[in-house]
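*Asks:* After the structure tokens below, expect a handful of questions from me.
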Amino acid sequence: MPETTSIELPAWLSSINVTTAILAAFITAFVLSTRIITAFQAYAEKEASEKGQRPPQVPYWVPLFGSLPSFWLGSERFLSQKKDEYPQGLFSVKQGSRTKIYIYGSTLSKDVLSSDNASKLDKAEPTLRLLQSGFGMPLRYSTKFMDMWPEFRDNIQSIDQEFGKKLETDAIKSLERQMPDMISFSTSPIDQHQWERVSGTWLLEDMETTETGLMAIVQTFLTYFTTSQLLSSGLFEQTPELVPLILTLPSELDKLLHKSRLISPRSTAVLRTLSTHIGPFLDAVYATEEQQRTMTEYDEVPTTDSPFIAILQTPGMRAAPESMQAAVMLYLLAMSIIPHTIVGWAILQIITPSTKLHGKFSKGLEEVVQTLVSAHQEPGIGAFKPPATVEISSKLPAAESLNGLFTETIDLYERGWTEFDVKDDITISSEPKEKGDTMDQLSSNKQRWHLRPGDTIVVAPWLAGKSAHGGTSEEVIEHAVKAAIEQLGDFHMPALASYLTTVYTSFLVTFFKLYTVEPVDPEGLKVPESNYAPGLALPKTDIRVHIRSRDYDADGKEVKSDISAGASQDE
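Residue numbers (this note's numbering): 12 to 582.
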């Protein structure tokens, strides 16, 4: 059998074949990738034309962390700077493994939170985060809470419609009785009110001037007042340990609601301590008549006259576990007390001459005060009825200026944001405002932005320098009520907002009628920035002020004390 011979190719020819194969594979891969990229770009352009374009992304230099280091160093400063760079009203920021889309344009904020898009936003995760991490609610209970939430929300809305104007009238009368004794001018902390003690209040040597922390005393007094009307007059008297914890509620809630913040042990400790102290009160709420007669831990048994008690005593809540009942009560407290910060910031603006709102509203406020003093003189006696007896919002045209004061205060100090995950495609629209654009051009240049399922959006209209709500004072305060705990909200409480508007307006006018307020250090006073928190936050450091009583003669003219007269002469 003849031998077969094999032909061996030269080495150089074999290397050419290998190189050719590699080159062919590379060219094929390049052509395919080019076609894929082209197809993807065509799809993206088609999607952009149909659904809108994707939000612009802020450049970053650290691949793993993105813009997270800059965000940690100063989130408010970082966001404010980027807002100026992106006038479209939104931008996306890579924060570690997540990318968040910040929406701050007024039109965009309204659009994304509209009723049409409500079902496309997932609000469950931040709610569960608060219930489990903050309130310590077991998973099985928090899941049950989410199941019964629609019924609970409907109960709140129905009860909200019932208490209405009667509670506002009661609030005016109660302020009339309580405001003259708001400041005790006592030398002993034992004789001071709770709101004075937590505010670091003391009487100066002249025995006519009290020094205190402005924001703390206003926040705590209003908390006492509204809680006594909406819930129970004895809650804080029976459990004074709640008072300092209540002041920390806004900032601690914020850390628990937002995924970008680390949950600190302090946050969980504060809320769980609140839940523990609330326990005896809830026992009294759900006690039978026989149990109430033998109760000693909580002396005053709450009645159903209070709207929040009515909510707690609905059949669903009565049958709920204790941890769920405590969570609902903390929810109601937060909703009713966090907006009080509006009043503190407004007073701070009024008493600080260098601020934007001082020149705009201080004169009008004093005119309202003088109108009330003149209207309530009793000739021949020299006494007066406090101004809270007047229905301020309807009887005094000058008081309308106070609505603008509340609105602009929110514009200046609102630092809340709302964070959601997108469940379904959303297209939102904005109008680019360029100098010289006509209305027709704005309509034709309308920009459309596409939010995809899985996107995380953060709605922060305060970045634009104005609120996304606008409207009347009641609408402004309703917005603040919702912003306080928007993650748990998704409902409206117009009656609560109307009630708070009446309380704030009456308090503000009565406060300036009864007292003079001056910063301890007016020359060195710098209005502090707000902390991040739902709705309106307390300042990082409180402002110390001097408070003195104002006295009036029979003609309604203010009687200056020796100290006030001396100060006027010095000026």
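Ideal placement from N, C-alpha and C gives every residue a C-beta, glycine not left out.
Work out the CA separation of Ala506 and Phe174 for me, nearest whole Å.
*Replies:* 7 Å
*Asks:* Rounded to the nearest angstrom, what separates Tyr115 and Pro530 at their Cα positions?
*Replies:* 34 Å
*Asks:* What does a CB cutoff of less than 7 Å around Asp448 pick up in its chain, not counting 5 residues either side in sequence?
*Replies:* The pLDDT assigned to Asp448 is 40, lower than 50, so where the model puts this residue is not dependable; a value taken from the coordinates is nonetheless given after this. Correct list: empty, nothing qualifies.
*Asks:* Start and end of the beta strand (DSSP E) containing Arg5?
*Replies:* With the chain covering only 12 through 582, there is no way to say anything about residue 5.
*Asks:* Using 8 Å as the threshold, is the C-beta distance between Gln68 and Phe89 below it?
*Replies:* no
*Asks:* Under DSSP, the beta strand (DSSP E) around Leu101 begins and ends at which residues?
*Replies:* Leu101 to Gln106
*Asks:* With distance defined between alpha-carbon atoms, name the residue in Leu462, Ser197, Ile421 and Met218 nearest to Arg208.
*Replies:* Nearest neighbour of Arg208 by Cα position, chosen from Leu462, Ser197, Ile421 and Met218, turns out to be Ser197.
*Asks:* In terms of alpha-carbon separation, which member of Leu139, Phe372, Arg555 and Tyr515 lies closest to Glu534?
*Replies:* Arg555
*Asks:* If Phe522 and Met190 are in contact, beta carbons under 8 Å, what's the gap, nearest whole angstrom?
*Replies:* Beta-carbon to beta-carbon, Phe522 and Met190 are separated by about 7 Å, close enough to satisfy the 8 Å threshold.
*Asks:* Output the distance between the C-alpha atoms of Ser195 and Ala508, rounded to the nearest integer angstrom.
*Replies:* 30 Å
*Asks:* Per DSSP, Gly290 forms a beta bridge with which residues?
*Replies:* Gly290 is bridged by DSSP to nothing; it lacks a bridge partner.
*Asks:* Using a 10 Å radius around the Cβ and a threshold of 16 neighbouring Cβ atoms, would you call Asp553 buried or exposed?
*Replies:* It is buried - the Cβ of Asp553 has at least 16 other Cβ atoms within 10 Å.
*Asks:* So within the region 164–232, which uninterrupted beta strand (DSSP E) runs reach at least 3 residues, ignoring any that extend past its ends?
*Replies:* 221–224
*Asks:* Are the Cβ atoms of Thr516 and Arg561 separated by less than 8 Å?
*Replies:* no
*Asks:* My guess is that Gln168 and Ser441 are in contact by the Cβ rule of under 8 Å, so how many angstroms apart are they, rounded?
*Replies:* At roughly 31 Å, the Cβ-Cβ gap does not stay under 8 Å, so Gln168 and Ser441 are not in contact.
*Asks:* One question on the structure: do Leu242 and Phe156 come within less than 8 Å of each other, judged by their Cβ atoms?
*Replies:* A distance of 8 Å or more separates the beta carbons of Leu242 and Phe156.
*Asks:* Tell me the DSSP secondary structure of Gly370 in three-state form.
*Replies:* helix
*Asks:* How would you write the range of the beta strand (DSSP E) that Thr527 sits in, first residue to last?
*Replies:* Tyr526 to Pro530
*Asks:* For the putative contact between Thr231 and Ser210, defined by C-beta atoms under 8 Å, what is the C-beta separation to the nearest angstrom?
*Replies:* 7 Å
*Asks:* In whole angstroms, what separates the C-alpha of Gly465 from that of Lys434?
*Replies:* 6 Å
*Asks:* Considering only C-alpha positions, which residue in the set Ser108, Lys105, Glu187 and Pro255 is nearest to Leu285?
*Replies:* Pro255
*Asks:* Determine the contact status of Val229 and Val354, defining contact as a CB-CB distance below 8 Å.
*Replies:* Yes, the Cβ-Cβ distance between Val229 and Val354 is below 8 Å.
*Asks:* Looking at the secondary structure, which residues open and close the beta strand (DSSP E) in which Tyr113 lies?
*Replies:* Arg109 to Ile114
*Asks:* Taking only three categories from DSSP, how would you classify Val469?
*Replies:* Val469 falls in the strand class under three-state DSSP.
*Asks:* Taking the alpha carbon of Ser373 as the point to measure from, which residue in Gln381, Ser365, Val379 and Ile361 has its own alpha carbon closest?
*Replies:* Ile361
*Asks:* Work out the CA separation of Val73 and Asn128 for me, nearest whole Å.
*Replies:* 34 Å
*Asks:* I need the boundaries of the beta strand (DSSP E) containing Ile437, first residue and last residue.
*Replies:* Going by DSSP, Ile437 is part of the beta strand (DSSP E) stretching over Ile437 to Ser441.
*Asks:* DSSP three-state call for Ile392: helix, strand or coil?
*Replies:* Interpretation of Ile392 is limited by its pLDDT of 43, a score under 50 that renders its predicted location unreliable; no figure is taken from the coordinates.
*Asks:* Take Thr325 as the anchor and find which of Tyr510, Glu162, Thr110 and Ser130 has the nearest alpha-carbon.
*Replies:* Glu162
*Asks:* Report yes if the CB atom of Ile348 is closer than 8 Å to the CB atom of Ile437, and no otherwise.
*Replies:* The Cβ atoms of Ile348 and Ile437 do not sit closer than 8 Å to each other.
*Asks:* Which two residues bound the contiguous alpha helix (DSSP H) that contains Trp356?
*Replies:* Unbroken alpha helix (DSSP H) run through Trp356: Thr352 to Ile362.
*Asks:* I'd like the list of long-range same chain contacts for Leu525, defined as Cβ closer than 8 Å, with 5 residues on each side in sequence excluded.
*Replies:* Met190, Pro191, Met193, Pro397, Ser560 and Arg561
*Asks:* What are the residues that DSSP puts in a beta bridge with Gln458?
*Replies:* Ser441
*Asks:* In the DSSP output, which residue or residues are listed as bridge partners for Tyr563?
*Replies:* Glu569
*Asks:* Using a Cβ-Cβ cutoff of less than 8 Å, which residues in the same chain neighbour Ser334 once the five nearest sequence positions on both sides are dropped?
*Replies:* Phe146, Gly147, Met148, Pro149, Tyr152 and Ser286
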